[in-house]
Amino acid sequence: MWCRVCNIETTEKICSICGKETEDKEPKYEVHYCKNCQTPIIFEKSETLFGKCHLCNNKTDYLAKDIRPVFPEEKLLLSILLKRNHSDILQSNVWASNSRYYIDNETVSFSSNNFREVNAKEIKDALSQNQELVDRNSESYIIFQNQINLFVKANKKRLEFLKDEAISFVKHACKDYEQEQIVLSFSGGKDSTAAADVVIKALGNPTLTHIFGDTTLEFPQTYEYVNRYRDNHQLAEFRIAKNNEQDFHKVCEDIGPPARMMRWCCSMFKTGPITRIMNRKYGNKQILTFYGIRKVESTSRSKYSRISQNTENVKIQKQTVASPIFFWKDIDVWLYILGENVDFNDAYRLGYDRVGCWCCPNNNTRAQFLSRIYMSERAEKWRNFLIDFAKSIGKPDPEEYVDTEKWKARQGGNGLKSAGDVKLRFTACTSEEHAKIYQLVRPFDDSFLNLLIPFGIVSKELGRKLLHETVILEPKSKVPIITIQPFNQSGYEYAVKIKTQNVADHDDLQRMIGYQVKKYNACRKCLKCESVCKQGAISIIGDEYYINEDRCIHCKMCVNQKYLVGGCMMDKYLRTK
1 MWCRVCNIET TEKICSICGK ETEDKEPKYE VHYCKNCQTP IIFEKSETLF
51 GKCHLCNNKT DYLAKDIRPV FPEEKLLLSI LLKRNHSDIL QSNVWASNSR
101 YYIDNETVSF SSNNFREVNA KEIKDALSQN QELVDRNSES YIIFQNQINL
151 FVKANKKRLE FLKDEAISFV KHACKDYEQE QIVLSFSGGK DSTAAADVVI
201 KALGNPTLTH IFGDTTLEFP QTYEYVNRYR DNHQLAEFRI AKNNEQDFHK
251 VCEDIGPPAR MMRWCCSMFK TGPITRIMNR KYGNKQILTF YGIRKVESTS
301 RSKYSRISQN TENVKIQKQT VASPIFFWKD IDVWLYILGE NVDFNDAYRL
351 GYDRVGCWCC PNNNTRAQFL SRIYMSERAE KWRNFLIDFA KSIGKPDPEE
401 YVDTEKWKAR QGGNGLKSAG DVKLRFTACT SEEHAKIYQL VRPFDDSFLN
451 LLIPFGIVSK ELGRKLLHET VILEPKSKVP IITIQPFNQS GYEYAVKIKT
501 QNVADHDDLQ RMIGYQVKKY NACRKCLKCE SVCKQGAISI IGDEYYINED
551 RCIHCKMCVN QKYLVGGCMM DKYLRTK
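If you're matching positions, the sequence shown starts at 1 in the UniProt record's numbering and goes up one per residue.
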């Protein structure tokens with residue numbers, strides 16, 4: 001048996017976690033094509049043996065596991081790439097899966113090299129010369145709309161199932177929450193757009209809070225769409241989360257550009273600012289956030305629960321995350337958006353299959369090619385930066401390193417001066433047991449003591465005055481467990497001596513203390529720690545990492561390996577081999 005809500009297998013007919021009825025197995029879907037009607041049909045895999053068109057009842061042929069519509073703007077681009085008559089392609093029924101196109105009964109594929117080698121300027125000029133062919137009131141758009149109307153009609157039952165199931169899920173997820181505690185995470189992409197529309201319809205509430213994370217790296221079309229969305233949803237509370245204290249390009253110069261396994265930008269420019277909005281609005285209340293996360297997007301997301309709380313995949317720990325469109329494929333999302341006449345981001349019309357940060361290392365080669373056409377100045381500036389970065393870390397062929405996308409696989413801080421800040425340097429004290437002398441990159445001050453609040457009550461009064469010693473008391477028993485004092489150590493410009501006492505495991509406590517030393521030395525204000533703290537006790541104020549002792553409950557999540565590998569996200573980004 002299989003629970004659709006929890007995304008788990010079970011032996012019970014009623015899920016013991018959520019209480020919902022389970023199904024015999026997780027249903028699988030694929031896309032067929034009716035040559036007679038010239039439209040895709042979505043089938044459950046068990047039905048495909050007898051897969052007949054829902055309109056004409058003719059036998060259909062397998063097309064793909066998943067597809068997306070190709071809008072007239074991308075059809076024009078396709079005709080230029082294929083050097084074919086524009087009118088022929090614009091009148092054809094065209095769908096795509098990644099870089100494979102289905103043009104009526106023909107299949108055309110492009111390799112990554114095709115997109116790397118093509119002259120983007122020539123393509124851009126050709127598009128400009130033929131722009132009138134794809135205006136919204138052009139014949140090509142009339143033809144396209146007729147094709148979409150037929151697609152929606154042929155998959156009407158699928159659309160009704162998607163709506164009913166998603167709405168039922170939303171109502172189930174909300175049963176323990178007041179609607180004032182419900183948030184819609186809105187990115188401007190198709191998935192969050194569909195998810196937001198489902199939730200609003202399910203709850204019949206147009207005033208729900210939306211939070212848009214402005215990374216400063218959004219597509220121009222995303223900003224246009226966000227403004228349209230706000231105009232069309234004037235009853236909604238719409239908050240924009242933006243990190244105004246950091247500049248993406250300056251951070252890249254310091255710690256290197258983000259890579260697939262090192263996307264520091266997500267914490268710094270999205271999750272962190274969103275956390276700040278939530279802390280200001282909700283305090284320490286637990287909230288329910290609806291996301292447009294889908295299972296098919298990645299292997300890691302396929303393992304998520306449809307409702308998640310207190311798990312590693314929940315980036316902001318004060319929220320429970322629910323995903324109403326978790327099991328939808330790309331074609332399902334488009335069926336919903338086009339079938340329900342939901343406005344969407346125009347970047348998809350140009351051929352982008354995902355809309356996030358335009359220079360994201362997870363973008364494929366085709367997306368980069370599109371950016372060379374539609375954002376040529378930005379794309380050229382970014383390429384030049386990457387080449388300069390490759391030179392600075394000693395790559396023998398910087399242009400090849402960039403153009404073959406090897407920069408996306410970069411890991412750690414090799415070649416970066418800033419990498420030294422995450423190297424924890426200490427010596428054991430020879431005169432006192434369980435004491436270590438840690439090297440600091442700047443003078444010891446009260447901001448260092450503030451980092452030790454998670455361990456207990458910070459008391460300067462109990463320390464030895466001549467040594468400028470501070471004592472940390474265990475919060476419940478009030479027994480001293482840590483002493484700290486500034487220290488002069490040969491070879492260390494700045495240092496601090498930290499001794500542990502009255503604890504069962506000195507090594508474990510010193511390990512967690514080491515995490516805080518690392519933060520003191522290496523903090524780049526990535527804001528990840530703010531997202532980890534459920535109480536909203538951690539914040540970055542100016543250039544300082546600050547823990548509010550009145551809010552801190554000493555749960556030690558901020559020094560827990562589970563949530564911060566290495567104790568600090570900078571350790572992940574700057575560690576060297």
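The C-beta atom is built at its ideal place from N, Cα and C for all residues, glycine as well.
DSSP places Lys577 in no beta strand (DSSP E); its state is neither H nor E. It is roughly 15 Å from the alpha-carbon of Lys35 to the alpha-carbon of Asn155. Proximity of the segment 88 to 101 to the segment 133 to 151 meets the contact definition, three or more beta-carbon pairs being nearer than 8 Å. Taking a contact as a CB-CB distance under 8 Å, the pair Ile484 and Ile547 does not count as one, their CB atoms being some 15 Å apart. Excluding the 5 residues flanking it on each side, Tyr492 has same chain C-beta neighbours closer than 6 Å at Gln439, in chain order. Between Thr320 and Ser308, the C-beta gap is smaller than 8 Å, which places the two residues in contact. Here Tyr352 is buried: its Cβ has 16 or more other Cβ atoms, across all protein chains shown, within 10 Å. When beta bridges are read from the DSSP output, Ile547 appears opposite Ile538.
Here Gly356 is buried. Its C-beta has 16 or more other C-beta atoms within 10 Å. Residues Gly463, Thr483 and Gln485 of the same chain have their beta carbon placed closer than 6 Å to that of Glu469, with the five preceding and five following residues left out of the count.
Setting aside the 5 residues that flank it on each side, Glu30 is surrounded in the same chain by Phe43, Lys45, Thr48, Tyr62 and Lys65, each with a C-beta closer than 7 Å to its C-beta; the list follows chain order. The DSSP assignment places complete alpha helix (DSSP H) segments of no fewer than 4 residues inside the segment 44 to 123 at 72 to 82, 86 to 91 and 112 to 117, in order along the chain. CA-CA distance, Val517 to Ile538, rounds to 16 Å. Cβ-Cβ distances below 8 Å link Ser79 to Asn85, His86, Asp88, Ile89 and Leu90 in the same chain, with the five nearest sequence neighbours on each side left out; the list follows chain order. By alpha-carbon distance to Ala194, the top candidate from Lys534, Tyr33, Gly339 and Ala428 is Gly339.
Inclusion of Asn149 and Leu76 in the CB contact set at 8 Å is not warranted, their separation being larger than that value.
Only residues of its own chain outside the window of five on either side were considered, and among them Gln179 have a CB closer than 7 Å to the CB of Asn205, listed in chain order. Beta-carbon to beta-carbon, Ile373 and Ala120 are separated by about 5 Å, close enough to satisfy the 8 Å threshold. Close CB contacts of Ile274 within its chain, under the 7 Å cut and outside five residues either way in sequence, are with Ile211, Gly213, Ala241 and Ile316 (chain order). Under DSSP, Ile142 takes part in no beta bridge, so it has no partner.
Shown here, Ala495 sits in a strand according to DSSP, grouped into three states. Within a 10 Å sphere around the beta-carbon of Ala504 sit fewer than 16 other beta-carbons, which makes this residue exposed.
Here Leu335 has Asn155 and Leu159 as same chain residues with Cβ atoms under 6 Å from its own Cβ, once five neighbours each way along the sequence are excluded. For Lys381, the closest of Ile182, Trp358 and Gly456 by C-alpha to C-alpha distance is Trp358. DSSP lists Val471 as the bridge partner or partners of Ser459. Counting only residues of its own chain and dropping the five nearest sequence neighbours on each side, Thr289 has a CB closer than 6 Å to the CB of Val183, Ser185, Gln319 and Val321. Scanning Tyr563, Lys572 and Pro220 for the CA closest to the CA of Glu377 turns up Pro220.
The DSSP assignment places complete beta strand (DSSP E) segments of no fewer than 3 residues inside the segment 253 to 309 at 287 to 290, in order along the chain. Here Lys242 is bridged, per DSSP, to Asp214.
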